[in-house]
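Residue numbers (our numbering), protein chains in the order written: chain R, 1209 to 1871; chain H, 1209 to 1871.
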């Protein structure tokens, strides 16, 4: 351990002794300071700007002048992101090392904030047949004539006799509960049985309730649905930000973190296990108020996630899925003892990890698959699941193909100048007047829509769904053209040139914001979104070509992002080929629905394993026509494809853009 | 926490702060002082005598007069054991509480000493077919065409293809090793497979050696045999005293300890797990000198023990096997993950716990059963396994009965005035001249036999096997009669009366000992042995009656004690019915042999489960004729039975006792 220095973060007030050479970002993570790091230490997102301050440093109630050691000069990476208008002392926290006592100010724009969780459970119709069931057994107390029969054998033979379940075994932890349960329950016990194979819990007396937890771990958000296994209803939903976010905002950043830090995998695994235990604590807080282990009331847990989250959660190395030939450690579903993972539910319970499809298509997509059941349908359905990662399913009862789209993080607000997560202060919906080009917008945490004349509303940035909105609106209002370029001379101060001479659209004036800057949509933002939507569209197009499909019967938008996206805006931008607007369906968190279905019906688990193998994975990046399709799909909506439904829709609205859309 | 006092133990020099009211025995255990406690705190054995001393107490290099608080007066329990010749200040450590600073001297006789372990492995002929096997697999490195196949699936399909093993699953810990093993081993790996069901380890490259550990946990001694699973040979044997001894010398004392101490079960379980981990560390020290977890080289472990040790080891409550109707928690064999028990072998490995027969007849007896294979024999065989507990098996291929004998601890040296464990200084063999009544004896740790004229040899006490010896010799030399009474007026100073007027035989004069006292065999010692052998004989007799057996073809003496017992002495005393001396066979540690067989041949595990249920358990204590048989069997050899073989044997030796034995 080398020298350490005092570092204090403002306005949070967190402070600590930090080893020389540590970056400010690492110091912030260590001290629990809320600091945005979208790219996960890769020095590319420029979101982690902080201001190095001088001044007095309060120490043990004594004020002492901080030793005045100037940090090293900004690196080339930093200089790319730091603009003169940022003001003096601005550095990138990921690049600036600590070589003396420091006071660091984190501007509001660099604070991550608390994610607004948008993964509520919807009503599902599921035939109840859970993997875990409870059975009540009553015995006559043993006498000296029974002394050659153990408690274990007595239970096994009784459960066969009454319920016809043969060949059961005791989990070791459940066996430890048996003796006292029999005697404390006056020879009546309730045994919890997993898959008719193993007794995973023994409780004294007659116990009715049985709880299970369906989990969906997203790159950004984790959610747990506590279910009553006898009714199938969701009793409680709890969610948290994925605690791995500080180690990288997207999947590739986390894989990089695991590769470049010796303890990186373990750190991220511990983080998500701790996070899931937090969900467990919260979700049971209503049902179990006493006893040392309230989480032990949960007897089953199903879980879905993308492949990288899957690997990290299990402690498997995610590096091999991040490099060619992209081989996952395991594809099939796994049943792992809760105690082997350190999850604080019934230690005898199994965690059912749903299968993954391929290196890029994870258990979350399998969740979508078994929830939406494309494979039972006649209609040709396209399901788009855009979380932080984009996954596609296309097909019907005859054939389903899947792929993963390298959409990049633009849909989530990264690489967007004022992009941010769906947190309070984020603009989430936008309308632009076609004539005046004046916007109206809605901010998360505020009930009403805002126009520029209403004064300060403390907007802070633009969240993912609103980026789709605003760019679609800019297109419809004629502010940008089909190629994404700004149209000049519109006669409004909303469209202007920035310091570098690049055009931008002012969505909110500084006075309406909490960051004291105009919130703008730049030419770069439009380009970033075009890249993302181009990748998505090209993926769909290539899948359709591969399958010989020319027309979609329905488009289902799934995922947290997919649940809040504006159907019309997404059709306008051309995220997917033309369909009637009423055939665009928002299906909510389908991955989470699949997790719940697997929890409540064990046949769904079998279906998941079978269908995960049946689905054909299509690698689109290696298709020879990808590059061409991708370039054409960057256009709004697509350079060559026809969009009769969209054209009709826009004409109905009399939007200037309608003329440019092919009918 | 109340007041604490300084306590120092001499000559060990251990010291510490002990809470007021703690007994000296508990303080000794806490400070790791070697202090004999045969009865485990039940205040009956009188072995834990210590001397309370006054004087100066060295504290932090300052000498300060100890506060002079006299301990409470001796209790009635103590007074039963404390004799005037013990000298001043003698107390029972189990009864005397601490109410002030104390200096305690532990006389040599009260020190437990290091057990001489007598459980060497003998040559066994076993068909090798272990539960755990290693398979080498080689793969061609995957390409982009294989990207929808995970490492897991690749291994499972390959092992089916080459070795024809179907439906294999990965243990979770083994799965975590898979990715790196494949890549570090250049796509050649060695998988360790348990019962053709589960992959429990993955190693890079080609690995030949496979190790297993066969364990036998006795009440007093624990031993582990490290086996090379490809040859079946024992590579290393390590043993330790059972670390539960401080909590009770015999099974009932430990059950009592578990009942009366809230953390008693956990304390004893932790002790034996720690002890077994010590054996694991030692036993592998030769084969694995590097790496962080040398014990992980062990891929399988089998274990036998009596029912109480079985329950405590697993963390099951032993109380119910100690009280009517004596119901064990489980009888059948168990396979428990090493990691669930905290054993430091391969964490994916299973611990195979052999089945138990009944509340009193444990897995150790099942080990004896599968090692000796009575059930395949025409001969009517009696197997006596006397460890700290006595267990009997009687039968042949048609029928085998088992029982447990409450022999008490006399065979092990407890309840014998100068009895001690088989540790250095213990007299282990005795011969008495029929004419002069002068003894010769052999002391553990000394090569030669000793006679009284050879001077000091530092004898300290008499171990279990020598008690049989000396009392048989006393009988043959006419010092005691058939009823066990001392014969008077033999004209030798070796037989004398003690302070209470009770007769005793001086085996060693004070000058030959390290305890500066004459080592004697008292009338009480003879009675204690008669009780033990009476219980054993009555048990055999009742089993024979129950089975309609009148004649034994062979007697096999098993166990640590049975391995060192003198065949002739045991026949002389009448531990079992009359048989020709050449039909008395010492078979060594048959329980340990059974553990080894189960390790090396998985069919032996099946055999153990089947035979454990097939053997008939006989409860002899409830037989109406037990009391009568027991009284008659106290005689040397038995009041009414005929012993033609014994009579012939003694006549050949011209022993005075021969005349009294029925032909």
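Idealized CB from N, CA, C, for every residue including glycine.
As assigned by DSSP and simplified to three states, the class of residue i
| i | result |
| --- | --- |
| residue 1374 of chain R | coil |
| residue 1784 of chain H | coil |
| residue 1452 of chain H | coil |
| residue 1811 of chain H | helix |
| residue 1225 of chain R | strand |
| residue 1420 of chain R | strand |
| residue 1591 of chain H | strand |
| residue 1267 of chain H | Here residue 1267 of chain H scores only 42 on pLDDT, less than 50, and its place in the model is too uncertain to base an answer on. |
| residue 1612 of chain H | strand |
| residue 1749 of chain H | helix |
| residue 1169 of chain H | Because chain H in this structure spans residues 1209 to 1871, residue 1169 of chain H falls outside the shown range and cannot be described. |
| residue 1274 of chain R | Note that residue 1274 of chain R has pLDDT 42, beneath the 50 cutoff, so the model's placement of it is unreliable and the number below is only indicative. Coil, per DSSP. |
| residue 1854 of chain H | helix |
| residue 1438 of chain H | coil |
| residue 1483 of chain H | helix |
| residue 1599 of chain R | strand |
| residue 1323 of chain H | Confidence is the limiting factor: at residue 1323 of chain H the pLDDT is only 47, short of 50, which leaves the residue's position unreliable, though a coordinate-based value still follows. Residue state, collapsed to three classes: coil. |
| residue 1657 of chain R | strand |
| residue 1219 of chain R | coil |
Neighbouring residues, chain H, relative to residue i (Cβ below 7 Å)
| i | result |
| --- | --- |
| residue 1361 of chain R | 1539 and 1540 |
| residue 1350 of chain R | 1533 and 1535 |
| residue 1499 of chain R | Going along chain H, no residue has its Cβ under 7 Å from residue 1499 of chain R, so there is no contact; the nearest lies around 18 Å. |
Where residue i meets chain R, residues with beta-carbon distance less than 7 Å
| i | result |
| --- | --- |
| residue 1523 of chain H | 1384 |
| residue 1528 of chain H | 1387 |
Expected contact under 8 Å - CB spacing of residue i and residue j to nearest Å
| i | j | result |
| --- | --- | --- |
| residue 1228 of chain R | residue 1217 of chain R | That pair is no contact at about 18 Å. |
| residue 1820 of chain R | residue 1812 of chain R | Residue 1820 of chain R to residue 1812 of chain R, Cβ: 12 Å. No contact. |
| residue 1514 of chain H | residue 1597 of chain H | 5 Å |
| residue 1507 of chain R | residue 1408 of chain R | 7 Å |
| residue 1825 of chain R | residue 1610 of chain R | 6 Å |
| residue 1243 of chain R | residue 1319 of chain R | 7 Å |
| residue 1546 of chain R | residue 1559 of chain R | 6 Å |
| residue 1554 of chain H | residue 1504 of chain H | 5 Å |
Closer than 8 Å at the beta carbon, the chain H residues around residue i
| i | result |
| --- | --- |
| residue 1513 of chain R | The premise fails here: residue 1513 of chain R is roughly 15 Å from chain H at the closest Cβ pair, so nothing lies under 8 Å. |
| residue 1365 of chain R | The premise fails here: residue 1365 of chain R is roughly 12 Å from chain H at the closest Cβ pair, so nothing lies under 8 Å. |
Contact set between residue i and chain R, taken where Cβ atoms lie within less than 9 Å
| i | result |
| --- | --- |
| residue 1388 of chain H | 1525 |
Residue nearest to residue i in terms of C-alpha spacing, selected from the options
| i | options | result |
| --- | --- | --- |
| residue 1869 of chain R | R:1861, R:1863, R:1859 and R:1855 | R:1855 |
| residue 1659 of chain H | H:1835, H:1560, H:1865 and H:1715 | H:1715 |
| residue 1865 of chain R | R:1602, R:1561, R:1687 and R:1591 | R:1687 |
| residue 1386 of chain R | R:1406, R:1365, R:1411 and R:1483 | R:1411 |
| residue 1817 of chain H | H:1564, H:1533 and H:1839 | H:1564 |
| residue 1702 of chain H | H:1690, H:1675 and H:1730 | H:1730 |
| residue 1782 of chain H | H:1362, H:1649, H:1260 and H:1677 | H:1677 |
Within chain H, the residues that residue i reaches when beta carbons sit closer than 9 Å
| i | result |
| --- | --- |
| residue 1465 of chain R | Within 9 Å Cβ-Cβ: nothing; residue 1465 of chain R doesn't reach chain H, min ~17 Å. |
| residue 1472 of chain R | Correct list: empty, because the minimum Cβ distance to chain H is about 15 Å. |
Neighbouring residues, chain R, relative to residue i (Cβ below 8 Å)
| i | result |
| --- | --- |
| residue 1828 of chain H | In chain order: nothing, as chain R lies at least about 13 Å away. |
| residue 1544 of chain H | 1380 |
| residue 1548 of chain H | 1380, 1381 and 1547 |
| residue 1354 of chain H | 1533 and 1535 |
Quick one, which residues of the segment 1732-1748 of chain H are near chain R if we go by CB-CB under 8 Å, in chain order? For the segment 1732-1748 of chain H, there are no residues whose beta carbon sits under 8 Å from a beta carbon of chain R.
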